[in-house]
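Below is one structure, written out as structure tokens, with a few remarks after it.
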């Protein structure tokens with residue numbers, strides 16, 4: 001009967017452990033990338049194998065239940081769109097590769113990331129570095145080092161388009177922006193004056209503020225730019241920089257039709273730009289970091305690394321939906337592809353199924369009650385035995 005009490009106690013402890021595991025699963029039902037777990041119940045026997053094993057045979061007796069092992073449920077969770085640029089979800093059985101403060105690699109399905117103060121991409125909850133591939137397939141933390149700004153570019157070509165009315169006498173383009181080598185902005189003023197002695201001929205004066213930078217002539221023939229009169233080249237010396245040649249050109253779509261005294265000639269494009277700061281950070285479906293800048297430029301950063309784990313039993317939970325690997329077949333690290341795809345602006349939710357958890361909760365409750373009843377009954381029997389002994 002005493003053995004029965006110890007056997008019942010193992011049942012109480014096992015079902016209590018299972019209840020705690022269910023509670024942990026339910027509490028994390030909204031934790032992105034969380035993997036639920038369940039307790040493995042194994043019966044203990046006495047007899048030929050004193051260490052305890054599964055099964056029963058002749059000459060053996062029950063010793064209760066062992067519930068010390070917890071197994072992870074590695075099924076994928078639902079993927080939900082978040083519209084957050086740095087949220088990612090894996091379509092496949094892989095894991096994001098993280099690096100902790102000690103340099104050890106960790107693995108997670110939680111794809112919520114942001115950049116820390118050092119410009120390194122880290123998990124929003126665990127703050128571990130996300131790993132990716134640099135040139136040469138070297139595994140490195142994903143960062144924006146070298147990508148924090150976009151270099152300026154000198155304006156060397158300015159293209160104009162629109163209509164210079166043949167019945168207009170003067171047309172002005174105010175605040176036409178161009179850039180020096182350092183990214184400084186210069187707002188130019190172009191004044192077009194019709195040559196009354198030569199129809200289609202326009203004299204142009206280019207200035208910045210009160211300083212005249214140069215002048216020249218554009219020629220239109222049959223209301224279209226003349227082959228030898230559609231370009232004006234000026235040598236300009238911007239303050240603090242060396243001299244540069246800027247070419248002003250009439251676009252092929254420029255016209256010289258009669259539209260009264262209204263001309264529409266204006267800037268179409270120019271090839272210079274100011275220095276740019278980061279205006280957007282996101283990933284494409286291949287896991288490549290895409291950087292956009294305030295000056296309209298873009299650049300690419302590292303490519304995310306994903307791990308394939310063939311021995312999921314070797315994964316050990318470290319909290320925060322993060323796992324370490326302690327098996328004998330280490331994960332292999334790949335770029336996106338080979339059956340591993342990314343869903344951008346999305347997160348994988350927990351794989352906890354509330355219906356299953358509540359069903360298991362009822363079973364654990366019944367098991368705990370039954371074990372408690374066995375212990376209570378064995379105690380009553382012992383009490384009766386002691387009473388019988390006392391009456392002798």
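Numbering (UniProt numbering), first residue to last: 1 to 392.
Positions of the beta carbon are idealized from the N, C-alpha and C atoms, including for glycine.
Does the region 363-374 touch the region 119-139, meaning 3 or more C-beta pairs lie closer than 8 Å? no
With a Cβ-Cβ cutoff of 9 Å, do residue 14 and residue 64 count as a contact? yes
In three-state terms, what does DSSP make of residue 354? helix
Neighbour-count burial assignment, residue 146, 16 or more Cβ in a 10 Å radius: exposed
Say whether the region 166-182 touches the region 249-269, bearing in mind that this needs 3 or more beta-carbon pairs closer than 8 Å, one atom from each stretch. yes
Rounded to a whole number of angstroms, what is the C-alpha to C-alpha distance between residue 49 and residue 353? Caution applies to residue 49, whose pLDDT of 48 falls short of 50 and renders its modelled position unreliable; the model cannot decide the point.
Rounded C-alpha distance that separates residue 204 from residue 295: 29 Å
Give me, in chain order, the residues of the same chain whose beta-carbon lies closer than 6 Å to that of residue 175; leave out the 5 immediate sequence neighbours on both sides. 187
Three-state secondary structure (DSSP) of residue 416: The structure shown does not extend to residue 416, since the chain is modelled only from 1 through 392, so no value can be given for it.
Pick out whichever of 381, 334, 374, 385 has its Cα sitting closest to the Cα of residue 93. 334
Ordered along the chain, which non-local residues of its own chain (more than five positions away) have a Cβ less than 7 Å from that of residue 220? 164, 200, 226, 256
Taking 9 Å as the threshold (C-beta atoms), are residue 340 and residue 91 in contact? yes
How long is the line joining the alpha carbons of residue 361 and residue 9, rounded to whole angstroms? 19 Å
Rounded C-alpha distance that separates residue 376 from residue 74: 39 Å
Between which two residues does the beta strand (DSSP E) carrying residue 277 extend? 276-283
Does DSSP put residue 84 in a helix, in a strand, or in coil? coil
Nearest candidate by alpha-carbon position, reference residue 246, set 252, 238, 253: 238
What does a CB cutoff of less than 7 Å around residue 279 pick up in its chain, not counting 5 residues either side in sequence? 292, 293, 294
How would you label residue 6, buried or exposed, when you count the other beta carbons within 10 angstroms and need 16 or more for buried? exposed
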